[in-house]
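Residue numbers (the working numbering), protein chains in the order written: chain A, 590 to 1004; chain B, 590 to 1004.
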């Protein structure tokens, strides 16, 4: 994100005061140094398709995949902060569906550079002949599209994964279509299990419509876990955390995500009074899940969001958490969880200490790391994009390749 | 550089074959991990003003300055490879002087973001009040220029140096003007001491014309040092290295730098026959320095360039090298050297082993590192840009500040 959240109060004061994703540094550099200190962790970098030209971005991805030995993922976002678009000289960001059209072409350029420019055996490092790379095996991608013209070669030597593992979190119909076309791992956030189940179903269907297997992408549900040795201790920890929730900070994020300025409402206002389709559909989902429950207020939304973002929070001992996780998987069909944190690294340390051993005892969690790249750790089918993934079709000789080395032929006739 | 050298032979085959700056990775990430393993080394990142919007680039610089604890420098280049411009969707790069006008505005945006957006005491991390940053002390830069519109705030917390140490290597009249306005360290490359002396004089004069002290920027001369325990061993090492020079690789670089396709000439062709003003002025400089010498051929240019790029090579024991370095400094007025390498890390290890102790014995080289940031190590006057540097004038309250927080006032009346 290259802007600030500025829907709440119609300015960025609350975002800055609460440290709501500002200040924020370049995640690529952080991943590079964290990779140097770890062996098996994968790193998912969130980067927008509206902020950097795909030519230099492709080089950043290759560099990071080299430095991490193939442990990099890219969480593709199209951007949703109008302030970011304005900081790049635009009057506003592209309209929602257009952003995805633009992102589709962005991915096309990335695939051509990462998959289609350098053949596997191009780099020979032949000291005898003084040849570093066989130039005939490095191709000009010849991309001439609507948004980008990129005639040249990719600049980095191919890395282990070439294309990093692709994450996406599109939730709208066009967003799900985009995710189903490109993603290998999809994040979802749902107020209830029933909504999560619907999302999983919509994604599996979209994957099939995109010509892929319904399980070609892993689906991860956003979840916050508050755990400790016993249920009572975990509940006390949860109560302790709740006192630190910043209503202004929570409402800053919610206002940005939902597109409605919540500074105009009192904390005790019933959510039914808030003019926002996004909020009304969330409220409806909660009520469907719990028809006897009291009507939610803005304050309830703050407490829910203050700990867990837009996902669920579960609280309890390792055994209680494991029960709930297994139930969520059974009821929704998700492949796993995208764990949010209440405190860092404490929330993650707690999960490692109390929950992972219990899941391992139950035989539903791995006990050692799969070898190699992030893609191979997740799918166990090698380092590269699978043959039926769209990105593979841009490889040299593939049906979508546009390589065009004619600039060299012209040169030969000249020489 | 986001393109390939393609003047030699009118294509990029030779560049790719010889590994002439291709493949090449993102230097920012490499600096981040090298910083994690070192304490005193400074890192100069070469990055062009034509390739990334200044808004995300400023965040990259802040991030790297945080990660290096203030040891980052930025070598500002405006770009000179037409192939790079084409890869970014342009028909060609901007004309030479226009590139510097564009770069001047790019620097203006960078100064506004790094120097003028966050006040020093903006970040308070106040747990009691729940305030991370005092938002009234973070300003919208309000930049509305010819090439860029950037209304918003900088995204990173200020780093130790804020603006990284600024390097530049402009050699044309407009390039020297640009360097004199912005740079704190200037690289020059000269075929002879007489030409270097002229360059130093032109730069000192340009610094004064830019309203700065004539020694406000350090001037570093490109130099390759081949050294060993004795002169004889160093000369043998030099002869050994020469056999590995790739004529095609050297000519690929020379053709790109000089703008002339040297594939059209035989290696034994006298340089006088080559149609290139840049080459003729270089040849004239050598002849002025050595009027008795034989006429140079393309092959001589290859051997000169193959080891030393466009600078000089000196060969000998530590004592011989120290003599020559001291003579160069006395004859040219440079502040130091930009050491190139014949092999890496061997060339640098040799300098550390054989030359540095000799220079220390003579009292002309430091024996311990100055503390703190790269800027403080070089100038000993603190971490930040000095008050009379152009970048300082963009600070809050400074004469060139354009901060405009009116978007917040509008919001207040609305609330």
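The beta-carbon is built from N, C-alpha and C at its ideal position, and this holds for glycine as well.
Below 8 Å CB to CB, which residues in the same chain sit around residue 745 (chain B) once its five sequence neighbours on both sides are set aside?
Closer than 8 Å at the Cβ level, and outside the excluded window around residue 745 (chain B), lie 647, 648, 651, 652 and 655.
At a Cβ threshold of 8 Å, is residue 914 (chain B) touching chain A?
It does not: the Cβ of residue 914 (chain B) has no partner Cβ on chain A nearer than 8 Å.
Just to confirm the assignment, what range does the beta strand (DSSP E) spanning residue 927 (chain B) have?
First-last of the beta strand (DSSP E) with residue 927 (chain B): 925-929.
Would you say residue 842 (chain B) lies against chain A (beta-carbon separation less than 8 Å)?
Chain A contact via Cβ: absent.
Between residue 670 (chain A) and residue 592 (chain A), which are expected to be in contact by the criterion C-beta below 8 Å, what is the C-beta distance as a whole number of angstroms?
The Cβ separation is near 4 Å, so the contact holds.
Complete runs of the alpha helix (DSSP H) confined to the region 764-797 of chain A [at least 4 residues]
Counting only runs that start and end inside the region 764-797 of chain A, there is no alpha helix (DSSP H) element of at least 4 residues.
Kindly list, in the order they appear in chain B, the residues whose Cβ is closer than 9 Å to that of residue 651 (chain A).
Within chain B, the residues near residue 651 (chain A) are 612, 614 and 615.
Cα separation between residue 933 (chain A) and residue 721 (chain B)?
Taking the straight line joining both Cα atoms gives about 16 Å.
Please find out if some non-hydrogen atom of the ligand NAD comes closer than 7 Å to the beta-carbon of residue 679 (chain B).
Among the components modelled here there is no ligand, and therefore nothing to report on the ligand NAD.
What residues are listed by DSSP as bridge partners for residue 859 (chain A)?
Residue pairing of residue 859 (chain A) in beta bridges, as defined by DSSP: A:886.
Note down, in chain order, every chain B residue with its Cβ under 9 Å from the Cβ of residue 640 (chain A).
Within chain B, 642, 644 and 645 have C-beta atoms less than 9 Å from the C-beta of residue 640 (chain A), given in sequence order.
If you draw a straight line from the C-alpha of residue 866 (chain A) to the C-alpha of residue 873 (chain A), how long is it?
Cα to Cα, the separation comes out at about 10 Å.
Looking only at its chain, what residues have a beta carbon closer than 6 Å to the beta carbon of residue 772 (chain B), apart from the 5 residues adjacent to it on each side?
For residue 772 (chain B), same chain residues with a beta-carbon under 6 Å away, outside a window of 5 residues either side, are 755, 757 and 806 in chain order.
Between residue 605 (chain A) and residue 941 (chain A), what straight-line distance do the alpha-carbon atoms span, to the nearest angstrom?
So the alpha carbons of these two residues sit roughly 32 Å apart.
For the region 601-671 of chain A, which segments carrying the beta strand (DSSP E) assignment without a break, of at least 3 residues, lie completely within its bounds, in sequence order?
As far as the region 601-671 of chain A is concerned, its whole beta strand (DSSP E) runs of at least 3 residues are 632-637 and 661-666.
Would you identify the three-state DSSP class for residue 714 (chain A), choosing helix, strand or coil?
Here residue 714 (chain A) carries a strand assignment [DSSP, helix/strand/coil].
Would you mind sorting residue 1003 (chain B) into buried or exposed? The rule is 16 or more other CB atoms within 10 Å of its CB.
Bear in mind that a pLDDT of 43 at residue 1003 (chain B), under 50, signals an unreliable position, so the model cannot answer this.
Rounded Cβ spacing between residue 634 (chain B) and residue 616 (chain B) (contact assumed at less than 8 Å):
With a Cβ gap of about 5 Å, residue 634 (chain B) and residue 616 (chain B) count as contacting.
So with Cβ pairs under 8 Å, would you call residue 1003 (chain B) a contact of chain A?
For residue 1003 (chain B), the predicted model reports a pLDDT of 43, less than 50, meaning its position is unreliable and no value from the coordinates is stated.
Backbone secondary structure at residue 827 (chain B) - three-state DSSP
In the structure shown, residue 827 (chain B) sits in a helix (DSSP, three-state: H, G or I).
Within 8 Å (strictly less), CB to CB, does residue 740 (chain A) reach chain B?
Judged by the 8 Å Cβ criterion, residue 740 (chain A) is in contact with chain B.
Neighbour flag for residue 556 (chain A) against chain B, beta carbons, 8 Å:
Past the edges of chain A, shown from 590 to 1004, lies residue 556 (chain A), and the structure says nothing about it.
Which residues in chain B have a C-beta closer than 9 Å to the C-beta of residue 979 (chain A)? List them in chain order.
Residues of chain B passing the Cβ test: none, with the nearest at roughly 23 Å.
Pull up the distance between the alpha-carbon of residue 1001 (chain B) and that of residue 599 (chain A), whole angstroms please.
At residue 1001 (chain B), the pLDDT of 48 sits below 50, so the modelled position is not reliable; the number obtained from the coordinates is stated separately. For residue 1001 (chain B) and residue 599 (chain A), the distance between alpha carbons rounds to 8 Å.
Suppose you measure from the CA of residue 961 (chain B) to the CA of residue 838 (chain B); what does that come to, to the nearest Å?
So the alpha carbons of these two residues sit roughly 40 Å apart.
Can you say whether residue 780 (chain B) is buried or exposed, counting buried as having 16 or more other CB atoms within 10 angstroms of its CB?
Buried is the call here.
Tell me whether the beta-carbon of residue 966 (chain A) lies closer than 8 Å to the beta-carbon of residue 958 (chain A).
Note that the C-beta distance between residue 966 (chain A) and residue 958 (chain A) is below 8 Å.
Burial state of residue 956 (chain A) (16 or more Cβ within 10 Å)
By the 16-neighbour rule on beta-carbons within 10 angstroms, residue 956 (chain A) is exposed.
Residue 722 (chain B) at chain A interface by Cβ criterion, 8 Å:
Cβ-Cβ to chain A under 8 Å: yes for residue 722 (chain B).
Taking 8 Å as the CB-CB cut-off, is residue 621 (chain A) touching chain B?
So, interface residue.
Counting only beta-carbon atoms, is residue 628 (chain A) nearer than 8 Å to chain B?
No, its Cβ sits nowhere closer than 8 Å to a Cβ of chain B.
Buried or exposed, going by whether 16 or more other CB atoms sit within 10 Å of the CB of residue 718 (chain A)?
With fewer than 16 other CB atoms across the displayed protein chains lying within 10 angstroms of its CB, residue 718 (chain A) is exposed.
Sorted by chain position, which residues of the same chain lie with C-beta nearer than 7 Å to residue 714 (chain A)'s C-beta, five sequence neighbours on each side aside?
The residues are 721.
Between residue 995 (chain B) and chain A, is the shortest Cβ-Cβ distance under 8 Å, so that the two count as touching?
So no, residue 995 (chain B) is outside the interface.
Going along the chain, which unbroken runs of the beta strand (DSSP E) with 3 or more residues stay wholly within the region 694-760 of chain B?
For the region 694-760 of chain B, whole beta strand (DSSP E) runs of length 3 or above, ordered along the chain, are 712-715, 720-722 and 754-757.
To the nearest angstrom, report how far apart residue 921 (chain A) and residue 734 (chain A) are at their CA atoms.
The straight-line gap separating the alpha-carbon atoms of residue 921 (chain A) and residue 734 (chain A) is approximately 40 Å.
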